[in-house]
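First up is the structure itself, then whatever we jot down about it.
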Amino acid sequence: MMDRQSQFLGMETSKARSVRGTLVRLWHYFQRYGLILLLVGVLVISSTYMQVLIPDLTGQAVDCYLGPYSMAAAAGGGAALGSFADNAEQANAFSNCWYTTPDITATAGETLAGFGRLILLIVGLYVGSAVLSGFMFYMMSWAGYHVLRDLQAQVFNHIHQLSLGFFTKHEAGDVMSRFTNDSDTLQQVIGFGLVSVLQGILLIGWIIVVMFQRNAPFALISLVTLPLMVIITRWFSEQARKAFRRARQQIGNVNADLQESISAVREVQAFSREEENIQNFRESNAANRDANIRAQAYTGALGPALEGLSYVSLAVVAGIGGLLMLRGGGLMGETISVGLIITFIGYTQQFNRPVQQISTLWATIQSAIAGAERIFGLLDEPVEIKDKPNAIVMPPITGHVVYQDVFAEYNPDEPILRGISIDAKPGQSVAIVGPTGAGKTTIINLLPRFWDVESGSITIDGIDVRDVTQQSLRRQIGIVLQDSFLFSDTVMNNIRYGRPDATDEEVIAAAQLAHADDFINRLQDGYQTVLGERGAGLSQGQRQLLSIARVALIDPRILILDEATSSVDTRTEREIQKALEELLQGRTSFVIAHRLSTIRTADQVLVLKDGQIIEQGTHRSLLEKRGFYFDLYMSQFRRKSTEEDLPDDLNELELMEPGD
Amino acid sequence: MQLSGSQQAGKQKAGGRANLQSLGRALNYLTKYPRLTAGATVALIIATAAQLVVPQLLQRIIDTIVTSATHQGILNLPANIQAIAAQKLGLDLVAAQAELDAAPRALITAALIIVLFAVARGLFAFGQNFMSQALSESIAFDLRNDIFTKIQRLSFSYHDRNRTGQLMIRATDDVERLRVFIGQGLLMALQALILLVGTLAILTWTNIRLTLVVLPVLPLALGIFMLFGIIAQPLFVEVQKRLGRVNTTLQENLAGLKVVKAFTAEEREEKRFHENIDSYLDQRIKVSRVFSFLFPFIFLIANLGQGAVLYFGGRQIIDGTLTLGEWQKFSLYLVYVFIPMGQLGFIISLMAQAGASADRIFEILDAKNDVENKPGAIDLGEIDGRVEFKDVSFRYFPGGEAVLSHIAFTAEPGQTVALLGATGSGKSTIINLIPRFYDVSEGQVLIDSHDVRDVTLESLRQHIGIVLQETVLFSGSIRDNIAFGRPDASDDEIIAAAKAAAAHDFISGFPQGYDTPVGERGATLSGGQKQRVAIARALLMDPHILILDDSTSSVDLNTEYEIQKALDQLMKGRTSFVIAQRISTVLNADLILVLDKGSIVARGKHEELMEASPIYAEIYHSQLAEDIAPASAQPDLN
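Protein chains in written order, with the working numbering: chain A, 1 to 660; chain B, 1 to 638.
So this is what it looks like as structure tokens:
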């Protein structure tokens, strides 16, 4: 119990901005399962009814059957019951019997039989209520899980439609945690939680009504601790939540310390920083301990406080009830019987569970609503790149790409590209160079419509890319990204990613073209080797080779290549270069170039700076121009070589001599 | 994933005893806090005792009520019948009247005592709770400190074998599981025991016949709980597994969104995801099929016990062998019997988890450290910086493949040694042996003729500056990072180091200058900026020996140049070991070592090697000349 409480109270909570709107939207998802919900409703009501009925019937067992006997027993003997019971009734002690007409002439056997039937009824109700509750929880979680599934599927599909613009503003990690954490919170509430709270509220309401029906004034006295319970619970929960929030910050510090010191343990030891780090860790660890003890104190106090109160309410019901009964005449004209007291004791005990449950679940429900709101927020993110209503299917292309005065921006009034014009003839290769942030990536993002131009146009073979379906467009464009992203699947399936129907032979041929065949065959299971998450287990260079093979397989007319900057070992580097050379052959290609060799062989080199093409030409003509590209090239060249390496390049250097 | 899961399960079963031993060891930490331990136990006993007394008191109230009601009934009868009734019942009218008069007082007293006990129960339950939490947090604190201290000191070979994430989990999740068991499970077990034994004793004392009626329900309930546990465990494992698949797909689609779109694989990915969530859904519904009925079922068993007490107790009342109060008490106590039953499963699962966690924790704490100060290790003192490798061989574990074999060379003070070779040729291993990140398997590494194993690690590493290939900065300000190896350095010294590392300009360019926070929660520096901070960090140590893993990480071209200048500055006048990627470094080196498969295959200066060593010439052209490759590719262009 404590565990659950601290778990709930320890949860990160936040409040939704529009509770009603969110609930209404959530309801739309539930509507599909309306029939089930209706059934759940019926079950909630009937099982609650049973739970209310049981203490009442227990009371009846006392008032109708046991009471008379117990009086006699209390008086010390079982005889002489006839006349006694007759009069006992006047004393009103057991006068609340409505289940049956007390038959004073009944023999012990007959009474026992009647009593047995009543107990059987009670047991039947126990069984019934258990079965109904079971079905109720099951059906509710069934519906809840289905709703959640629908929601998750929708979110996933929506993520695919979101453009890169969205991901420049939001971190993928955020989206991930929104998806996992928020739907996790939602799931807790949607199944078990919702039913528990509904039933709890219904039960409390019902018990209160029944108590008042039986004996309103006595009910009022019995319920005296209820508001206290609510107040205490709310106060403690609030305090605990605050304390937990602080504790969470502290554990965050501890984890950050750990993470850093472990992952960088080599640096720590190299610089002999162990002692300082241990000291620092002790401090954050101690702060965490203290914050946790504090938070746990509040949680720990809630349980005993509620329990204590529940005993007090027992004392109140039994003590005051007993006194009133003895005084006779009942309370404000209402009679009080032993059976009534026992029934009320039963009711007060039934109270505690739902009160505790609701109070702890309440916060969860609040954060679940907030979570749902965030999920809906994600679904409401507009889809910026859409197929036109009358988009045509891109016919097979030759690969003549024209950028005409293209402007692009991710955020309004922050243009990334300003007036880009490119004309790439079929089969030509275009190298794009420039400093970070110049807009190189944006240029290549526009071609497969990962993003749209703000003004200007991009055409392939004279057809505007916005006039065709995204699918038919991208099918004819091959893309090798800087970060060679691989899926946790076999090598075979990773290469086959763009063409799931490719035969094994075709895959292997593509791998050979990409010079990846060699290392793949050396893997433990060859092409059937399953790669870890994001291609773990392969070196950076090997991942690049695979992503080249992946593109080679789809044999695109247009190729987009964002050259990786990370260093790979030399042998692989040579393989990559060869693979790329072969891949580029005869295709229109756009390359964000980091390798000088790529730049040198390019038909056009575009030098990009601040979103504009500031120089354009071939490697050679650009060097002759001795502008920005020349500086860029020289700064690299100067670093990399000294006099002795120059002979091969001498003719060029001679050209540069005067300015150097 | 699947494999490791089943392996782990097998391991857990086999290691059951070891787990319990580890758990026992963890519980030894309790003795560090004798006051809290004793306090929590005493509070627990008092609180539980108070809990046990309440139904007893309630019974007294109800019995008083019933007796009084009876007396009242008789006393209210007309005098003639009253006498007969009293006679028949064997009742002393005077005594009855007296008892009736005293009844209200008795009631009030009993009710007040209940309130008193409720308060006592509340206070001590809170006290117990608070103390046990404090206790468990304190032990978790100790464990985390111990783990952290150990991890910080464990040698590189240990960290090579263990991933950061796994070590993190031990210091966080495993400690937390152990903490939960100590804070909750342990006392809960004690409480459950007291409650169960106490209640059964009271029940037997009250009415042995009725107790015998209830008793058979207990093993039945126990059996059912365990059955559920057995059924549930694999179901949950499967849920986790399927959830893992859902998350992986999602993660991949987020991280690889561009790839998905580029290859127009949206539909296929959606289908894959739908399959994942559907199978996850199926499994969860399967679980809920079991668990939706579990809780009502548990209540049902408890309630059936109540039903039995109702009936058989009722019969006894009719027989006159049980009072109504006793009957009521019985049904209240019955609740107490079922509470520990319900907790049992929870306690067992807590214990199993805590045992496995304790095992993993002690695995770290017991790990052998390969590189430690020798007893009687001396301080290295001031050095000139002469480094000698004497016939050094190295293997990662005894009997393993030799990573280095028979390496011998000497670097005189101030010399630069360039290491060349393919990936895996042993370059990094050589430089790792100098600051004793690993110890040699055979041979000796000498600094100024001291074996590095004879001096203290701290005094050794103080003299060695290291710039690793991947630059790791720590959260904190840039100033803190530069002063990482010498926290007491003055601002002037820090700025001087930054200037020498060509880092001062960009640092001053930040609004907060040297106080700019970096690392995980701070500003992100570019690769080149990080590298320069790392160089400044090494410069500030003013080491006699310098180790550089100088692989090109791609930064923009101007920065590369600046870094190169900074490095040249750094190497001046120090004995330097460089894993060389840049031609200039090799050309300027006093000694070039060409490595292949752990052996030195050629050595000398550039000019000598170009003539004498075909291997060097090949490496020079293929590897170093990465940079000059474009030049040689020139003819192809035309």
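Don't be surprised by glycine CBs; every beta carbon is placed ideally from N, CA and C.
Neighbourhood of residue i by C-beta, 6 Å cutoff - its chain only, sequence neighbours within 5 removed
i, result
"G419 (chain A)", "D405"
"D603 (chain A)", "Q428, S429"
"F344 (chain A)", "S222, V317"
"Q90 (chain A)", "Low per-residue confidence applies at Q90 (chain A): pLDDT is 41, beneath 50, and the placement is therefore not dependable, though the value from the model is reported in the following sentence. For Q90 (chain A), where only same-chain residues beyond five positions count, there are no Cβ hits under 6 Å."
"A302 (chain B)", "F338"
Reference residue i; option with closest CA among the options
i, options, result
"E573 (chain A)", "A:T588, A:P556, A:H594, A:I554", "A:H594"
"Q59 (chain B)", "B:T206, B:L116, B:R242, B:A40", "B:T206"
"V605 (chain A)", "A:Y629, A:R587, A:Q585, A:R245", "A:Y629"
"V44 (chain A)", "A:S129, A:L596, A:V312, A:N292", "A:S129"
"N373 (chain B)", "B:F577, B:A402, B:D451", "B:D451"
"H515 (chain A)", "A:S547, A:E260, A:Q279, A:F485", "A:S547"
"I293 (chain A)", "A:K388, A:L314, A:R248", "A:R248"
"K388 (chain A)", "A:R327, A:D464, A:V316, A:L223", "A:D464"
"G322 (chain A)", "B:T64, B:L44, B:Y620", "B:T64"
"T249 (chain B)", "A:Q152, A:F212, A:Y33, A:S337", "A:Q152"
"S163 (chain A)", "A:Q356, A:C64, A:N411, A:S237", "A:N411"
"T601 (chain A)", "A:F487, A:I460, A:S621", "A:S621"
Nonlocal neighbours in the same chain, by C-beta distance under 8 Å from residue i, ignoring five residues either side
i, result
"L309 (chain A)", "T225, L228, M229, I232"
Residues near residue i in its chain [Cβ-Cβ closer than 7 Å; skip 5 each side]
i, result
"I482 (chain B)", "I494, A497, A498, V533, A536, R537, L540"
"S133 (chain A)", "S47"
Cβ of residue i within 7 Å of any chain A Cβ
i, result
"Y620 (chain B)", "no"
"P78 (chain B)", "no"
"R121 (chain B)", "yes"
"I640 (chain B)", "Residue 640 (chain B) cannot be examined here, being either before or after the span of chain B that is shown, 1 to 638."
"Y158 (chain B)", "no"
"S68 (chain B)", "yes"
"H639 (chain B)", "Nothing can be reported for residue 639 (chain B): it is not among the residues displayed for chain B, which extend from 1 to 638."
"E288 (chain B)", "For the record, residue 288 (chain B) in the displayed sequence is Ser; it is not Glu. So yes, S288 (chain B) belongs to the interface."
"A367 (chain B)", "no"
"I277 (chain B)", "yes"
"I615 (chain B)", "no"
"E270 (chain B)", "yes"
Contact with chain B by residue i, beta-carbon distance below 7 Å
i, result
"H670 (chain A)", "Residue 670 (chain A) cannot be examined here, being either before or after the span of chain A that is shown, 1 to 660."
"S621 (chain A)", "no"
"M176 (chain A)", "yes"
Flag this pair as touching only if the region 100 to 107 of chain B and the region 126 to 143 of chain B have three or more C-beta atom pairs under 8 Å; answer yes or no. no
Examine the Cβ distances between the region 433 to 441 of chain A and the region 220 to 237 of chain B and report whether three or more of them are shorter than 8 Å. no
Members of the region 226 to 242 of chain A that neighbour chain B once the beta carbon cut-off is set at 8 Å: none
Against chain A, which members of the region 469 to 487 of chain B pass a CB distance test of less than 8 Å? V472, F474, S475, F484, G485, P487
Quick check: the region 339 to 351 of chain B against the region 183 to 192 of chain B, are there 3 or more CB pairs under 8 Å? yes
What residues in the region 411 to 440 of chain B have a beta carbon less than 8 Å from any beta carbon of chain A? A422, T423, P435, F437
Pull out every residue of the region 39 to 50 of chain A whose Cβ sits closer than 7 Å to any Cβ of chain B, in chain order. none
Decide if the region 292 to 302 of chain B is in contact with the region 162 to 182 of chain A; the criterion is three or more beta carbon pairs, one per stretch, under 8 Å apart. no
Check each residue of the region 193 to 215 of chain A: if its Cβ is closer than 8 Å to any Cβ of chain B, include it; give the result in chain order. none
Is the region 442 to 455 of chain A touching the region 372 to 391 of chain A in the sense that three or more CB pairs, one from each, lie closer than 8 Å? yes
Any C-beta of chain B within less than 8 Å: which residues of the region 442 to 476 of chain A qualify? P448, F450, Q470, Q471, R474, R475
Note down, in chain order, all residues in the region 244 to 257 of chain B with a beta-carbon under 9 Å from any beta-carbon belonging to chain A. V246, N247, T248, T249, L250, Q251, E252, N253, L254, A255, G256, L257
Is the region 370 to 377 of chain A in contact with the region 395 to 414 of chain A, if contact means three or more CB pairs nearer than 8 Å? no
Can you list, in chain order, the residues of the region 318 to 344 of chain B whose Cβ is nearer than 7 Å to any Cβ on chain A? I318, G320, T323, L324, Q328
Inspect the CB distances between the region 141 to 152 of chain B and the region 356 to 374 of chain B and report whether three or more fall short of 8 Å. yes
Contact between the region 281 to 290 of chain A and the region 72 to 81 of chain B: three or more CB pairs below 8 Å? no
Across the region 163 to 181 of chain B and the region 317 to 335 of chain B, are there enough close Cβ pairs to call them in contact, namely three or more that are closer than 8 Å? no
Within 8 Å, do at least three Cβ pairs link the region 227 to 244 of chain B to the region 322 to 332 of chain B? no
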